[in-house]
Amino acid sequence: MKILQVLFVLLVSLNTVSFSNTLDSGLVAFYPFNGNALDESGNGNHGINNGATLSSDRFGSSNRAFYFNRNYIEIPNSPSLQSPRTSMSLAFWINISQWDQSNAGFMAKSNSNTIGQYGSVASTGPNYMQFDIGGSYVRINRYFALNTWYFLCLRWDGAEAKLYLNESVYDSVPYTGTVAPDNFPLTLGKHSPGGVRYLIGKLDDVRIYNRALHDSEIEQLFYEGNLDVRVVPQGFYDPLTQRARMKDTVRVYLREPYFPYTVVDSSKALIDSVLLEGSFRTLVAPGSYYIVVKHRNSIETWSSAPVYIEATAMSYDFTLFAAQAYGNNLVLNGNNYCIYGGDVNQDGIVDASDGSMTDNDANNFVTGYAQTDLTGDKFVDGSDNTIADNNASMFVSVITPLSYQPPCNLTCARFFTWSGFTWCVMTSDGTKCYPGPNYFSSSFDNVFVDSAGDLHMRITRRNGKFYCAELFTTQTVGYGTYTFYIASRVNNLDRNTVLGLFTWNDKNCVTNANSEVDIEFTLWGDANDPDVINYSIQPTNAGQETDRFTKWPMSFNGNNTIHFMNWTPSLVTWSSYEGHSNPPPPGNLISSWSFDDNNLPKIKEECNSNPIVIPSPESNTHLSLNLWLDRGRYPSDDMEVEVVIRSIEFTAMGQQ
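Using the working numbering, the final residue of the sequence shown is 754, and nothing's skipped along the way.
Shown next as structure tokens:
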């Protein structure tokens, strides 16, 4: 099995959810065979390997199962192994390569003469599955095909023994009594009472309980999946070696894709320093979940959208793009995107308190595995303090879907007419609102039309605060062609600035990305990112925000550019050109992209969830413009920002 490495983002304004996996209750021993025979139940029942070899598991992952060929793993007797007495459950995956004299021995807590406390063996002559219980046994008729993975769970509640084959009950027999403890060791891959019978084949994910599992818990074990995730903390990654300076542990969570985003699974994971990858066992029913990770001194981070998890090998890579994290909450270090470091006290924001803790430890020359070691070199010094201070200056904090829940307090404050539309200018009434969050102002300093008829949108500074701009049309829009004539160097915007031109159907709060087709000009806070233009499409699918988007570099001379969005039921296209000529000369093309309802991969496309469709216009779909600060971070040069738009045209489909 594998261990997931991801970033967990702190939930804002959500009551803390205490998650306790009931599958840990009554767990006596657990052997996931993650490259060894160690017991991961916490009871210390580690195995001694007597010749079994590591092999691939049911997901095809190397060194994640053991292959037995008339050899075995032995676990010394212990009080915890003796504890199943009035009820028990044995769960494991098997793949028989060939029969050992018509038998396959899976496990036994016994000696060669006596059926012990518990065990399991299968036979093909006659066909049966045997479940040892306290010196006796029960048998259930069943044939097992060779070279096939089976999930087996033998459950006894003190009155009845049941065999679960894969996710459901296969058969049951009555069996009452209690189990006397014995002093025999536990063997895996070997069943010795009445003659030694070995397993020739694979064994994986062995679990022993001193209680009878519930049906739902057994179903969870069957649906256990394998999720590989790449992630690395900002300071731990060395761009010269392209490795992390050390392995480190993270806590991984899976959360439901809808409010209140309840935790449904959690586990620890280890980030490999070379592959930057780990593997996480998922114990949830197939479905879509947010992947969330928490590292000891990093900002918690969510996947950009819910990820479909099932009982197969899955993967997710946080290092590819900033957009792999919710709210683009990653930082580029060399050629990999990393989770932000510096949240030493794990309060969800990097601020002066984190810098103070790091600075104090640096002054005291703290070494070893320290919370304030942000670079993973086991020495707290100025380099750690630099990370904390820089991220504090940028107000780095967690970003979650709950950040986009009401109330936002964005309201329509005034109206004006421009470019054939009546526009409503928004205000946040002195409070921070999303996107960002930021302060939004309806002041004439932030949005106005000059004497030449050009629209000016500005981010202004007043009383130590930066105020952003947002406006939308009172008229509704839909399928058709949108043309934007911009008269500003949008390729030279400050790295924290975002200019958005988009359709939208909800102007109070960002609750779902309904009917959104947009163009955004931004570096998402990363001055080293060459891509400025973002084309995206974000319908709502089953109550979840999903998206498809691409990013392109942008280079041109002068101030003038023209941008097109063409929205139809089966195809959305975007294109950007230098100059204001319409139609533009082909040689002036800066970038273009298209998205169709077949969801075919396209160059530079980033796909974060599925299924996805092209959105349909709704009765309240409007055209919107905004100029705001990514994650509410002030402009890096501390200067005001202005964008001029000469005009906007909309031609409805069928009127072109």
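C-beta atoms are modelled at their ideal positions from N, C-alpha and C, and glycine is treated no differently.
L599 has its alpha-carbon roughly 29 Å from the corresponding atom of N489.
Inclusion of K563 and G730 in the CB contact set at 8 Å is not warranted, their separation being larger than that value. Bridge pairing for Y262: C251, V267 [DSSP]. According to the DSSP assignment, D457 belongs to the alpha helix (DSSP H) that extends over 450 to 461.
A contact between stretches requires three or more CB pairs, one per stretch, nearer than 8 Å, and the segment 446 to 464 meets this requirement with the segment 479 to 487. Where E398 is concerned, there is no enclosing alpha helix (DSSP H), because DSSP gives it neither an H nor an E.
Where A490 is concerned, the enclosing alpha helix (DSSP H) starts and stops at 480 to 491. Distance from the Cα of P177 is smallest, within the candidate group T151, A127, I192, for A127.
Here T222 is bridged, per DSSP, to N225. Per the coordinates, the alpha-carbon of H678 lies some 9 Å from the alpha-carbon of H661. Rounded to whole angstroms, Q444 and L621 show a C-alpha spacing of 27 Å. Nearest C-alpha to K366 among T347, L374, R353, L373: T347. Burial state of N193 is buried, judged by a 10 Å Cβ sphere holding 16 or more other Cβ atoms. Residue pairing by DSSP puts W672 in a beta bridge opposite M663, W691.
For V523, the pairing in a beta bridge is given by DSSP as R512, L569. Going by C-alpha positions, W254 is about 5 Å away from M186.
In this structure, Q180 sits away from P291, with a CB-CB distance that is not shorter than 8 Å. About 7 Å separates the CB atoms of I712 and P667; that is less than 8 Å, so the two are in contact. For E740, the three-state secondary structure derived from DSSP is strand. Shortest Cα-Cα distance from R183 to any of V277, E716, S218 involves V277.
Bounds of the beta strand (DSSP E) holding L352 are 346 to 353.
A distance below 7 Å between beta-carbons, with the five flanking residues on each side excluded, links W516 to the following residues of its chain, in chain order: V547, L553.
In the three-state scheme derived from DSSP, where H, G and I count as helix and E and B as strand, V588 is classed as helix. Check the Cα spacing between A750 and each of N664, T120, R744, P628: the tightest is with N664.
Per DSSP, L319 lies in no beta strand (DSSP E); the unbroken alpha helix (DSSP H) holding it starts and ends at 313 to 320.
The count of Cβ pairs closer than 8 Å, one atom from the segment 135 to 142 and one from the segment 242 to 261, stays below three, leaving the stretches out of contact.
In this structure, the CA atom of N147 is about 28 Å from the CA atom of Y226. By the C-beta density criterion, Y580 is buried, having at least 16 other C-beta atoms within 10 angstroms.
In this structure, L721 lies near T601, with their beta-carbon atoms less than 8 Å apart. The DSSP-derived three-state label of N426 is helix.
Around the beta carbon of K207, a 10 Å sphere encloses 16 or more other beta carbons of the protein chains shown; the residue is thus reported as buried.
Look at D302 here: in three-state DSSP terms it is strand. Given a length threshold of 4 residues, the segment 141 to 218 has no whole run of the alpha helix (DSSP H) inside it. In the DSSP annotation of this structure, the continuous segment of the beta strand (DSSP E) that includes F546 starts and ends at 545 to 547.
Looking from the CA of A257, the closest CA among N264, T222, E315, G275 belongs to G275.
The C-alpha of P499 lies about 49 Å from the C-alpha of N175.
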